[in-house]
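The structure appears right after this line, and notes come after that.
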Amino acid sequence: DQQVKQNSPSLSVQEGRISILNCDYTNSMFDYFLWYKKYPAEGPTFLISISSIKDKNEDGRFTVFLNKSAKHLSLHIVPSQPGDSAVYFCAAFNAGGTSYGKLTFGQGTILTVHP
Amino acid sequence: EAQVTQNPRYLITVTGKKLTVTCSQNMNHEYMSWYRQDPGLGLRQIYYSMNVEVTDKGDVPEGYKVSRKEKRNFPLILESPSPNQTSLYFCASSLQGFTEAFFGQGTRLTVV
Numbered sequence: 001d002q003q004v005k006q007n008s009p010s011l012s013v014q015e016g017r018i019s020i021l022n023c024d025y026t027n028s029m030f031d032y033f034l035w036y037k038k039y040p041a042e043g044p045t046f047l048i049s050i051s052s053i054k055d056k057n058e059d060g061r062f063t064v065f066l067n068k069s070a071k072h073l074s075l076h077i078v079p080s081q082p083g084d085s086a087v088y089f090c091a092a093f094n095a096g097g098t099s100y101g102k103l104t105f106g107q108g109t110i111l112t113v114h115p
Numbered sequence: 116e117a118q119v120t121q122n123p124r125y126l127i128t129v130t131g132k133k134l135t136v137t138c139s140q141n142m143n144h145e146y147m148s149w150y151r152q153d154p155g156l157g158l159r160q161i162y163y164s165m166n167v168e169v170t171d172k173g174d175v176p177e178g179y180k181v182s183r184k185e186k187r188n189f190p191l192i193l194e195s196p197s198p199n200q201t202s203l204y205f206c207a208s209s210l211q212g213f214t215e216a217f218f219g220q221g222t223r224l225t226v227v
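In order, the protein sequence lines correspond to chains H and C. Going by our numbering, the first sequence opens with residue 1, and the numbers climb by one from there. Going by our numbering, the second sequence opens with residue 116, and the numbers climb by one from there.
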């Protein structure tokens, strides 16, 4: 049972435009959500996170939006740059309940930014 | 330099031969975890540890063991590897599970 889903395996955008990566989750016990970026032959690196008490968090070109009622979050990258081309993973953390401490990742979305 | 170090980076082994993948962090982090990455399945958590001597199962713990005898080290043990454990493995550490995690470079394991 995939509790965190990234339904778009890939996304292609033009340099300078906005990239929007989406993530859906099913477990209402998730309290924190994180986005990671992964280049080939490297480990994932942290991008941005958001607590369930917020609906938006910004860090430079990256903004994460959380819609708790829809159990949906999205990552906006504006403007997109060729160096942003990578695999993006969303992850959700369970800070309560019987699965406390577990971190669940989505399947990933491959972002390609064309010059 | 803050880092998570995994060894080995590449490993080919035979079915049933016990192996250990080591993981060490130098950031004094409480939380450490292991993941495997498979095509189409993303990163799946194998085991995590919230502190020394405290470990718990992630989503895919079958066939794996871990230990956390000291804060900096979190080895992953495959007692009897099987071909379905062929995968790319990542170790990670963070202050707490919901804070920024630092990942190792990965270990590509092939079990024949």
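Cβ coordinates follow ideal geometry from the N, Cα and C atoms, glycine included.
With fewer than 16 other Cβ atoms inside 10 Å of its own Cβ, C:R124 counts as exposed.
Residues of the same chain with a CB within less than 8 Å of the CB of C:T128, apart from the 5 flanking positions on each side, are L134, P196, L224, T225, V226 and V227 in chain order. Among the residues of chain H, those whose CB is under 7 Å from the CB of C:S148 are L103, following chain order. Assignment of beta-bridge partners to H:N57 by DSSP yields H:V64. One Cα belongs to C:N141, the other to C:V119, and the distance between them is close to 7 Å. Against chain H, the CB of C:E177 has no partner CB under 9 Å away; the residue lies outside that interface. Using beta-carbon distances, C:R187 does not count as an interface residue toward chain H, since no partner is under 9 Å.
Apart from the 5 residues on each side of it in sequence, H:H114 sits with its Cβ closer than 6 Å to the Cβ of Q14 in its chain, given in chain order.
Apart from sequence neighbours up to five positions away, the residues of its chain that approach H:A92 with a beta-carbon distance below 6 Å are V4, Y25, F30, F33 and T104, ordered along the chain. Remark: C-beta atoms of C:G178 and C:S148 do not approach each other more closely than 9 Å.
Taking all protein chains in view, the Cβ of H:H72 is surrounded by fewer than 16 other Cβ atoms within 10 Å, so the residue is classified as exposed. In summary, H:Y39 is exposed, with fewer than 16 beta-carbon neighbours lying within 10 Å of its beta-carbon over all protein chains present. Taking a beta-carbon distance threshold of 9 Å, C:L193 does not count as an interface residue toward chain H.
Counting C-beta atoms within 10 angstroms of its own C-beta, C:R151 has 16 or more neighbours from the protein chains shown and is therefore classed as buried. With contacts defined by Cβ atoms closer than 9 Å, H:G108 and C:Y146 do not form a contacting pair. Rounded to the nearest whole angstrom, the C-alpha separation of C:P190 and H:G16 is 43 Å.
C:Y146: member of the beta strand (DSSP E) spanning Y146 to D153, first to last residue.
Taking a Cβ-Cβ cut-off of 7 Å, H:A70 has no neighbours in chain C, whose nearest Cβ is about 21 Å from it. In its chain, beyond the 5 residues on either side, L224, T225 and V226 have a beta carbon closer than 7 Å to the beta carbon of C:T201. Going by DSSP, H:V113 is part of the beta strand (DSSP E) stretching over T109 to H114.
Assigned with DSSP and collapsed to three states, C:Q118 falls in coil, not helix or strand.
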